[in-house]
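Residue numbers (the working numbering): 171 to 238.
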């Protein structure tokens, strides 16, 4: 996935991302099933990935210096 520096004039504060056709099709299908926009679906996916990363970090045992 590559971020583009070109701004989408139809939605201020947004940018375009480049994904494979397969990923694009999957995002469109997921958005349709969820009854929301592709942007909302991508936002939710990012939130879930961030939560997953936090969960992985929290499940890592504390180091000795963190126990004090």
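For glycine and all other residues, C-beta sits at the position ideal for the given N, C-alpha and C.
A quick note: this is a predicted structure, and the numbers were derived from the prediction, not measured.
- Inclusion of residue 211 and residue 201 in the CB contact set at 8 Å is warranted, their separation being smaller than that value.
- The three-state secondary structure of residue 233, taken from DSSP, is coil.
- Annotated three-state conformation of residue 184 is coil, per DSSP.
- Residue 206 carries a coil assignment under DSSP once its states are collapsed to helix, strand and coil.
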